[in-house]
Amino acid sequence: MENENNLIDSLLKEHAKNKGVDEKFLSELENKIDAAERGNVIPIDQSSGGSGSSRRGLGLGIGVAACAAFYLAGSTLWKDSSNSEVIALESEAADQQIEDAKNSLPEIQGARYAREDEPKMSNEIKKKPSVLSADKAKAIASRVPSTRDVVDQEMEMQKKEGKDFAATSKDKYLAKEASLRSKSVDKLNEIKGKRQPALLAGKALSEASPIELAASSGFGDSVAEAGLRRGLDERTRQNGMLLGRGRSIEGINAEQYGKLIENDFTAPVDKETKRSTFAIDVDTASYANVRRLITAGNQVPADSVRIEEMINYFDYQYGKPVQNSKHPFAVHVDAAACPWNENNKLVRIALQGKEIIREERPASNVVFLLDVSGSMNRANKLPLLKKSLKYLLEEMSEEDTISIVVYAGASGLVLPATKVDDAGRVMITKAMEKLSAGGSTAGGAGIKLAYKIAQENFIKGGVNRVILATDGDFNVGVSDPDELTDLVKERAGKGVDISVLGFGTGNLNDNMLELITNNGNGNYSYIDTIKEGRKVLLEDMMGTLVTIAKDVKIQVEFNPEKVKEYRLIGYSNRMLPNAAFLDKKADAGEIGAGHRVTAFYEIVPGVALDKSKLDGLRYGAKNKAEVKAKKSTEALKHVDELLFVKLAYKQPEQKVNDESTYLSVALKDNDKAWGQVDDDFKFAASVALFGMVLRDSEHSGDGDLDLVKQLAESGKGADGKGLRTEFIHLVNKMKERKIEKRNR
Amino acid sequence: MMTKVVQNQEMIEREKFSELAREYHGEFLIYARSLTREENTSKDIVQDSFVAAWKNKGKFDVTRDFGSWMRGIIRNKWREYLRKNKRNISLDDEVLESMEAEMRDWQSMRTDGGPSVFMKLESCLSKLPETLLQAVKSFYYEGNSTDEAAEDLSIGGATLRKRLQRARVSLKECVSGGNN
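The listed protein sequences derive, respectively, from chains A and B. Counting from 46, one number per residue, gives the positions in the first sequence under the working numbering. Counting from 207, one number per residue, gives the positions in the second sequence under the working numbering.
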């Protein structure tokens with residue numbers, strides 16, 4: 046690690062960018078302070094911005110009030126919090142819950158490719174409180190809404206405890222465990238904030254080898270557990286920010302943190318690593334944004350390249366769900382030789398959402414929340430937004446209502462809920478024509494108002510959606526971003542979803558916009574041209590408006606007899622802990638009508654099991670004979686499979702506490718050559734590789750722009766909309782740029 | 207924005223605060239970027255921290271150092287951000303402490319009437335050996351990816367990374383190391 050030089054790295058970047066004075070930053074800061082001074086009350090009246098001095102008079106009082114909530118910060122604060130006690134989180138009830146869930150879902154939950162290295166399920170573990178395992182994390186995860194947080198914390202806790210454990214005797218450990226056990230899980234919320242530094246304590250453990258730990262503890266179980274913990278820890282690192290919902294950590298410093306960005310190859314050697322879990326993502330914004338960057342001749346920051354969003358931008362002809370299917374989408378899984386690494390296989394998991402025909406679209410209550418701040422005053426922003434919205438208007442009928450809320454210096458209702466009949470259409474068009482950009486942004490009040498209007502016009506069983514259109518300069522001003530995402534999440538829980546249409550200046554607050562939609566059953570599209578506006582608001586409108594399934598999670602279980610290593614391409618910030626798959630409260634991705642989702646795994650074929658690694662483990666060599674005898678016939682039956690794909694989802698109207706529906710598909714191992722795959726497979730692989738090349742991925746193997754182009758051309762197919770042709774142009778443009786650079 | 211119709215106390219304070227922001231924001235942005243490794247998040251966090259500081263200016267003890275007070279706020283904002291975003295990232299005490307020490311060094315450069323860290327950096331850059339300077343220029347100042355920069359300089363990627371690392375080590379020494 047090169048931690049010490051981080052500051053220099055940042056210093057160089059800052060210097061290169063602004064030479065020390067960032068005027069834009071300063072002017073935004075002034076606006077933020079102004080906004081903070083005005084407080085949370087923003088009048089619903091465009092004209093009442095007020096003069097600087099009067100606002101400040103008001104602001105002072107609010108500022109004082111805010112002091113109460115402010116915690117005094119100082120240079121010693123982080124030290125204090127690092128001393129906080131680590132409290133164990135345990136719950137019998139939670140154990141029981143997960144047990145119930147498992148019993149009801151044998152096929153989904155059951156370890157398909159049973160191995161001797163797996164601890165048996167929790168019955169045994171429950172009797173032995175000393176054993177810490179991933180099952181416990183799972184148990185707790187299912188008990189508390191904020192799964193990720195908890196699982197992460199649990200992992201930290203395990204590390205901490207593991208350290209204590211290594212240093213103390215079994216008896217002492219058991220005593221501690223017993224006393225901690227009595228504390229309620231609810232305690233969790235209290236200590237959330239203090240948890241972070243606990244990781245430090247675990248550091249020693251994660252670096253020590255399991256064998257060393259065993260030697261010092263003299264207690265066999267700890268070895269297996271330490272090994273497991275280590276596996277988890279390793280995996281956390283590999284997955285980057287395990288659950289990072291934003292993308293902020295990615296990419297900026299590819300040199301030092303490149304490994305954190307992408308999912309790395311993982312060997313399916315134990316219970317945790319054998320499974321890979323992620324939330325689906327139907328967003329397409331990243332591709333449109335990358336296209337804009339390349340077309341404009343700009344650099345493409347690795348950060349801006351979200352491979353899954355690039356792949357999912359394109360249309361693929363996946364088989365639709367059969368008529369009257371129980372499930373709202375069809376799942377297709379296939380594999381072939383990997384085009385950029387001939388020794389590997391490329392597995393495609395494809396979801397096709399059911400289509401909803403126009404006549405069957407549920408009545409819609411749509412509230413536009415439009416950014417009319419000064420920065421929107423460019424041809425590719427507000428005017429483009431207005432034109433694009435007309436497409437949507439064409440599709441709406443008298444069953445539907447449209448409301449318009451704007452935000453800038455003040456926020457206000459421009460158009461109350463208006464039926465989209467002939468008279469309404471005129472009113473809506475007029476209201477849109479009148480919009481003009483000006484003033485600074487204060488999205489916080491605007492979004493609250495938009496939700497209020499949506500709630501007032503709520504259509505039961507219909508589509509209730511806020512559509513936020515902004516250039517990404519979504520200055521929340523009055524409330525902090527977290528408050529905003531909480532709001533969005535809460536409203537999604539009440540049935541009002543959100544979609545975000547990004548305009549103009551690219552990456553500016555891409556992260557924030559993505560965060561909003563990730564939290565609010567939404568989708569995020571980026572509109573840079575009228576053509577794109579048409580695609581999002583006309584062609585894909587049904588998918589944008591109508592959700593057919595939510596909290597869609599995919600878990601893939603790899604057969605360690607066939608898979609030596611695997612790697613999920615893209616989705617790096619959509620990774621979930623394995624435990625979240627069965628957790629009905631775990632929030633995940635939504636899929637809209639007719640939407641498609643594609644995910645690729647690259648697989649190194651072979652046998653994953655490194656016997657030497659298992660020797661010291663609980664279910665390692667020692668017990669092998671015994672376990673072999675018991676090895677279930679079930680596992681043998683699946684021996685020719687490469688992997689097993691499981692999906693969890695909820696119906697759009699289901700609540701947080703409702704159980705998910707599950708389905709699964711197995712993939713038999715095959716030796717399909719690359720030439721045998723269909724055009725869609727070829728093209729999607731080309732897009733994936735393009736993303737990897739743009740990200741400067743170390744996993745692109747023999748893949749370069751030439752191969753990207755070759756794959757894209759071979760998979761171009763009919764390309765009715767010209768999107769694939771456009772993609773090939775982009776690739777060419779990148780190639781030219783590369784050549785230019787070389788010649789310079 | 208800054209109409210000076212009513213020159214009351216509040217306005218004067220606000221202007222002073224703006225000056226402070228102008229003076230310090232570069233360093234804070236660097237500091238936040240080192241914590242978050244992400245530009246937009248850093249920007250938000252530093253802005254929010256300034257807002258929090260402004261709101262709580264009554265609590266600031268003038269005998270204390272504004273820089274370290276603000277960095278405390280920035281750290282808390284970052285923790286808050288991590289927590290709210292369910293991120294599992296540890297803030298390593300040792301790293302934080304060494305960063306804090308370095309930041310204080312930078313700051314002292316200015317309060318002693320010396321050059322700000324940016325000027326210091328410029329003078330340090332001019333002292334870098336040519337090969338290292340080229341690497342820094344291509345990667346940091348021309349916005350190339352490491353691969354592009356390597357191609358630019360006709361060297362291997364690993365070599366480039368190594369050079370960048372050596373450049374940073376040397377710059378760190380120079381920037382923090384007094385007048386050499």
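We put the CB at the ideal spot given by N, CA and C, even for glycine.
Cross-strand partners of residue i (DSSP beta bridge)
i	result
residue 392 of chain A	A:380, A:646
residue 620 of chain A	A:323
residue 542 of chain A	A:510
residue 316 of chain A	Looking at the DSSP assignment, residue 316 of chain A forms no beta bridge with any residue, so it has no partner.
residue 311 of chain A	A:611
residue 570 of chain A	A:546
residue 692 of chain A	A:599, A:708
residue 386 of chain A	A:383
residue 365 of chain A	Per DSSP, none; premise fails for residue 365 of chain A.
residue 411 of chain A	A:447, A:510
residue 375 of chain A	A:397
DSSP state of residue i mapped onto helix, strand, coil
i	result
residue 628 of chain A	coil
residue 637 of chain A	strand
residue 416 of chain A	strand
residue 64 of chain A	coil
residue 460 of chain A	strand
residue 735 of chain A	helix
residue 227 of chain B	helix
residue 299 of chain B	helix
residue 427 of chain A	helix
residue 57 of chain A	helix
residue 278 of chain B	helix
residue 450 of chain A	strand
residue 687 of chain A	strand
residue 51 of chain A	helix
residue 515 of chain A	strand
residue 246 of chain B	helix
residue 594 of chain A	strand
residue 761 of chain A	coil
residue 713 of chain A	strand
residue 356 of chain B	helix
Any non-hydrogen atom of the ligand NAP closer than 7 Å to residue i Cβ
i	result
residue 299 of chain B	Looking for the ligand NAP in the displayed structure turns up nothing, as the structure carries no ligands at all.
Best match in the options for proximity to residue i [C-alpha to C-alpha]
i	options	result
residue 583 of chain A	A:613, A:708, A:432	A:432
residue 79 of chain A	B:274, B:253, B:243	B:253
residue 367 of chain B	B:352, B:260, B:286	B:352
residue 82 of chain A	B:220, B:338, B:231, B:277	B:220
residue 786 of chain A	B:242, B:363, B:357, B:381	B:357
residue 275 of chain B	B:230, B:362, B:299	B:230
residue 453 of chain A	A:442, A:415, A:443	A:415
residue 650 of chain A	A:616, A:386, A:745, A:576	A:386
residue 511 of chain A	A:528, A:531, A:505, A:536	A:536
residue 412 of chain A	A:438, A:629, A:692, A:429	A:438
residue 313 of chain B	B:330, B:272, B:343, B:339	B:272
residue 14 of chain A	A:685, A:77, A:531	The shown model of chain A, from 46 to 789, leaves out residue 14 of chain A, and the question about it has no answer.
residue 573 of chain A	A:55, A:314, A:331	A:331
residue 732 of chain A	A:350, A:355, A:316	A:355
residue 642 of chain A	A:75, A:344, A:363	A:363
residue 389 of chain B	B:298, B:264, B:330	In the structure as shown, chain B begins at 207 and stops at 386. Residue 389 of chain B is therefore absent and cannot be evaluated.
residue 232 of chain B	A:58, A:75, A:76, A:638	A:58
Contact with chain C by residue i, beta-carbon distance below 8 Å
i	result
residue 372 of chain B	Here chain C cannot be found, since the structure's protein chains are A and B.
Supposed contact pair residue j and residue i - C-beta distance, whole angstroms, cut 8 Å
i	j	result
residue 322 of chain A	residue 622 of chain A	7 Å
residue 509 of chain A	residue 499 of chain A	6 Å
residue 712 of chain A	residue 376 of chain A	With a Cβ gap of about 11 Å, residue 712 of chain A and residue 376 of chain A do not count as contacting.
residue 280 of chain B	residue 238 of chain B	6 Å
#### Entry: Short-range partners of chain B found in the stretch 70 to 82 of chain A, where Cβ spacing is below 9 Å
70, 71, 72, 73, 74, 75, 76, 77, 78, 79, 80, 81, 82
### Message
So if I threshold CB-CB distances at 9 Å, which residues from the stretch 220 to 235 of chain B count as touching chain A?
### Response
220, 223, 224, 227, 228, 231, 232, 233, 235
### Query
the stretch 297 to 312 of chain B: which residues have C-beta closer than 8 Å to a C-beta of chain A, in chain order?
297, 298, 299, 301, 302, 304, 305, 306, 308, 309
#### Entry: Short-range partners of chain A found in the stretch 351 to 362 of chain B, where Cβ spacing is below 9 Å
351, 352, 353, 354, 357, 358
#### Entry: Interface residues of the stretch 51 to 65 of chain A facing chain B [CB-CB below 9 Å]
51, 52, 53, 54, 55, 56, 57, 58, 59, 60, 61, 62, 63, 64, 65
### Interfacial residues, the stretch 323 to 342 of chain B to chain A, with Cβ spacing under 9 Å
323, 324, 325, 327, 328, 331, 342
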